[in-house]
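In full-length UniProt numbering, the protein residues as written are 1 to 89.
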Amino acid sequence: MPGPTLGQKFGLDTAADWDAPPAGQEEIELAIEDAKCRESSGITEAMYDKEFAEQEKLVEENSRDLAPLIEKNKKLTETAREIIREYAS
Numbered sequence: 001m002p003g004p005t006l007g008q009k010f011g012l013d014t015a016a017d018w019d020a021p022p023a024g025q026e027e028i029e030l031a032i033e034d035a036k037c038r039e040s041s042g043i044t045e046a047m048y049d050k051e052f053a054e055q056e057k058l059v060e061e062n063s064r065d066l067a068p069l070i071e072k073n074k075k076l077t078e079t080a081r082e083i084i085r086e087y088a089s
């Protein structure tokens, strides 16, 4: 969501505007240029890499708490696969 200045320019409630009108041509062009800039500057990749590293760190730091959840998820996944196999036949 754009900051307050751009939000006001394009008539958006920057807090939450789910019923916003479709984007106009100027807004679309600005978004395209912004995306190009983010890609060419490398910020998109840098942000992705940083976010990924932070998530890996959190998983490592919380592995003891996550282990039972992973096991539960594996069991639920296997049960779901069994049901799918049963009804797919």
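Beta carbons: idealized from backbone N, C-alpha and C, even for Gly. These numbers were taken from a predicted model, which means no experiment stands behind them.
Exercise for the section: Report all residues from its chain with a CB closer than 7 Å to the CB of residue 120; omit the five preceding and five following residues, and keep chain order. Expected result: For the chain, the structure presents residues 1 to 89; residue 120 sits outside this window and is missing.
Problem - Endpoints, alpha helix (DSSP H) assigned at N73 - result: Here residue 73 corresponds to residue number 73 of the sequence shown, with the count starting at 1. N73 -> alpha helix (DSSP H) spans 63-88.
Handout entry: Reference T5, options I84, E27, A67, closest by Cα
Key = For this step, residue 5 is matched to residue 5 along the sequence shown. The closest CA to that of T5, considering only I84, E27, A67, is found on E27.
Exercise for the section: Would you please state the rounded distance, in angstroms, between the beta carbons of L69 and V59? I believe it to be under 8 Å. Expected result: The sequence position of residue 69 within the sequence shown is 69, counting from 1. The sequence position of residue 59 within the sequence shown is 59, counting from 1. Between L69 and V59 a beta carbon distance of about 11 Å is seen, past the 8 Å cut, so the two are scored as non-contacting.
Problem - Contact under 9 Å by Cβ, G11 with P21 - result: Translated into positions along the sequence shown, residue 11 becomes position 11. Translated into positions along the sequence shown, residue 21 becomes position 21. Yes, these two residues count as a Cβ contact at 9 Å.
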